[in-house]
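Heads up: the sequence shown is residues 0 to 286, going by numbering that gives the first Met the number 0.
Heads up, the beta-carbon is just placed ideally off N, CA and C, and yes, glycines get one too.
Computed from a prediction, not measured in an experiment: that's the story for all the values here.
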Amino acid sequence: MKFHRVYIELTDICGLSCSFCTTQPANRTMSLEHFELITAQLKPYTQEVALHMMGDPLVLSNLKEYLDILQHHKLRAFITTSGYYIANHHPTTLLHDATKQINISINSYNKNQNTITLDEYVAPIFELIEYKLKHNIDKFINLRLWNLDETLSEEEFNQNFFDRVSKRFDIELDSKQIYTQKPKNIRIASKTLLHFDHYFEWPSLDNPLYGDGICQGLDSHFGILSNGVVVPCCLDAQGVITLGDISKEPLEKILHAHKTKKIIDGFKKGIAVEELCQKCSYKKRFN
Numbered sequence: 000m001k002f003h004r005v006y007i008e009l010t011d012i013c014g015l016s017c018s019f020c021t022t023q024p025a026n027r028t029m030s031l032e033h034f035e036l037i038t039a040q041l042k043p044y045t046q047e048v049a050l051h052m053m054g055d056p057l058v059l060s061n062l063k064e065y066l067d068i069l070q071h072h073k074l075r076a077f078i079t080t081s082g083y084y085i086a087n088h089h090p091t092t093l094l095h096d097a098t099k100q101i102n103i104s105i106n107s108y109n110k111n112q113n114t115i116t117l118d119e120y121v122a123p124i125f126e127l128i129e130y131k132l133k134h135n136i137d138k139f140i141n142l143r144l145w146n147l148d149e150t151l152s153e154e155e156f157n158q159n160f161f162d163r164v165s166k167r168f169d170i171e172l173d174s175k176q177i178y179t180q181k182p183k184n185i186r187i188a189s190k191t192l193l194h195f196d197h198y199f200e201w202p203s204l205d206n207p208l209y210g211d212g213i214c215q216g217l218d219s220h221f222g223i224l225s226n227g228v229v230v231p232c233c234l235d236a237q238g239v240i241t242l243g244d245i246s247k248e249p250l251e252k253i254l255h256a257h258k259t260k261k262i263i264d265g266f267k268k269g270i271a272v273e274e275l276c277q278k279c280s281y282k283k284r285f286n
């Protein structure tokens with residue numbers, strides 16, 4: 000049983016209130032000791048760990064210590080952040096030897112009540128990119144604009160952001176052309192991309208019934224919440240589908256449990272056996 004990636008929620012705290020995020024944090028943070036116990040069990044299953052489900056790992060002042068643990072176990076890290084806390088960390092922490100990619104959710108700026116200007120927000124992001132380029136550091140940085148929806152258009156905000164990117168990195172970006180051609184990404188510098196997508200609906204038991212289908216949960220990945228609960232998918236941030244608690248039983252037992260196998264076998268047949276999966280619209284992307 001191999002997975003492309005395992006999502007580990009270091010903390011569910013992000014400090015923001017993005018309008019596209021409906022979950023409420025429990026103010027939990029995974030201890031270094033718990034993280035060490037988890038990562039020690041991951042080697043047979045994956046080589047990559049995404050430090051995110053909900054929350055922002057950059058709120059943690061000791062982020063480097065978590066990355067040190069991943070490096071010790073020869074695991075590569077994907078860091079996803081809103082970008083608000085980049086200035087709190089030296090570039091060498093974020094561009095740690097264990098880091099493979101940093102994802103920055105740019106549209107989080109436009110979906111909050113801000114006390115800082117757009118220029119103040121992008122300044123440390125651009126400085127991180129320039130540090131990477133200046134020191135020829137072989138890491139990916141993705142600037143995520145997952146807001147290209149026609150009904151929830153953010154074209155004015157995007158153009159304001161594009162203007163700043165264009166000026167800083169000497170590249171011409173035009174939002175009208177991007178909205179027309181719909182590229183998946185645009186390269187703005189070496190291993191530095193603008194990454195485009197649409198808003199998605201978080202799965203919830205309150206959602207409409209979407210029915211069966213296939214999903215990449217427990218196929219390409221699974222998730223571990225900050226309290227140790229193992230879930231089948233990176234979008235089950237509330238732990239609705241609890242497969243087990245890694246602080247109480249080994250990961251191997253959880254991944255081979257009857258409930259886990261039932262979900263895997265169901266998706267292989269195009270059947271969503273769990274109610275939350277029945278009420279998740281994200282799986283439409285795989286059908």
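In angstroms with no decimal places, state the Cα-to-Cα distance between residue i and residue j.
i       : j       : result
Tyr-178 : Asp-162 : 15 Å
Leu-250 : Lys-267 : 22 Å
Ala-39  : Gln-176 : 47 Å
Met-0   : Leu-208 : 30 Å
His-197 : Lys-166 : 25 Å
Tyr-44  : Thr-79  : 21 Å
His-290 : Ile-103 : This structure cannot speak to residue 290, because the chain is shown only from 0 to 286.
Arg-143 : His-257 : 37 Å
Met-29  : Leu-41  : 16 Å
Leu-217 : Pro-90  : 33 Å
Where does residue i sit, in a helix, a strand or coil, going by DSSP?
i       : result
Tyr-65  : helix
Gly-212 : coil
Tyr-108 : helix
Ile-270 : coil
Asn-159 : helix
Ile-12  : coil
Lys-99  : strand
Gly-54  : coil
Ala-236 : coil
Glu-153 : coil
His-3   : coil
Ile-140 : strand
Ala-25  : coil
Phe-285 : helix
Nearest CA to the CA of residue i: which residue from the options?
i       : options                               : result
Leu-69  : Leu-31, Ser-60 and Gly-82             : Leu-31
Ile-85  : Glu-119, Gln-112, Lys-247 and Gly-243 : Glu-119
Ile-263 : Asn-111, Phe-221 and Phe-195          : Phe-221
Asn-206 : Gln-277, Pro-43, Ser-81 and Met-29    : Gln-277
Asn-106 : Ile-270, Asn-146 and His-88           : Asn-146
Glu-129 : Lys-99, Ser-189, Leu-204 and Asn-286  : Ser-189
Ile-187 : Leu-254, Gly-216, Cys-214 and Asp-169 : Asp-169
Lys-335 : Lys-261, Glu-248 and Gln-215          : Nothing about residue 335 can be read from this structure; the chain reaches only from 0 to 286.
Lys-247 : Ser-174, His-257, Val-228 and Val-58  : Val-228
Gln-100 : Ile-253, Asn-226, Leu-50 and Glu-153  : Leu-50
Thr-92  : Leu-59, Phe-199, Lys-133 and Asn-286  : Leu-59
Between which two residues does the beta strand (DSSP E) containing residue i stretch?
i       : result
His-194 : 191-195
Thr-80  : 75-80
Arg-186 : 184-188
Ala-49  : 47-49
Ile-223 : 220-223
Please return the same chain residues whose Cβ sits closer than 7 Å to the Cβ of residue i, not counting the five positions on each side in sequence.
i       : result
Leu-224 : Glu-8, Met-52, Val-230 and Gly-238
Ile-37  : Ile-7, Ile-223 and Ile-245
Leu-94  : Lys-131, Ile-136 and Lys-138
Ala-25  : Asp-11
Ser-174 : Glu-154, Asn-157, Gln-158 and Phe-161
Only counting the same chain, and skipping five residues up and downstream in sequence, which positions put a Cβ closer than 8 Å to that of residue i?
i       : result
Ala-97  : Leu-66, Asp-67, Leu-69, Gln-70, Leu-74, Arg-75 and Ala-76
Asn-159 : Leu-117
Glu-35  : Ile-68
Say whether chain D places a C-beta atom closer than 8 Å to the C-beta of residue i.
i       : result
His-134 : Of the chains in the structure shown, none is chain D; there is only one protein chain.
Hey, quick one: how far does the alpha helix (DSSP H) through residue i stretch, first residue to last?
i       : result
Ile-124 : 117-133
Thr-241 : Careful: Thr-241 lies outside any alpha helix (DSSP H) and carries neither H nor E.
His-33  : 31-38
Ile-253 : 250-254
Ile-177 : 174-180
Leu-93  : 90-93
Using C-beta distances below 6 Å, list every residue in its chain close to residue i, excluding the 5 sequence neighbours before and after it, in chain order.
i       : result
Ser-219 : His-3
Ile-240 : Val-230, Pro-231, Glu-273 and Leu-275
Cys-55  : A small fix is needed here, since residue 55 is Asp in this sequence, not Cys. The residues are Cys-13, Thr-80 and Ser-81.
Thr-191 : Ile-128 and Ile-140
Glu-64  : Leu-31
Asp-211 : Gly-269, Ile-270 and Ala-271
Ser-280 : Glu-200 and Tyr-209
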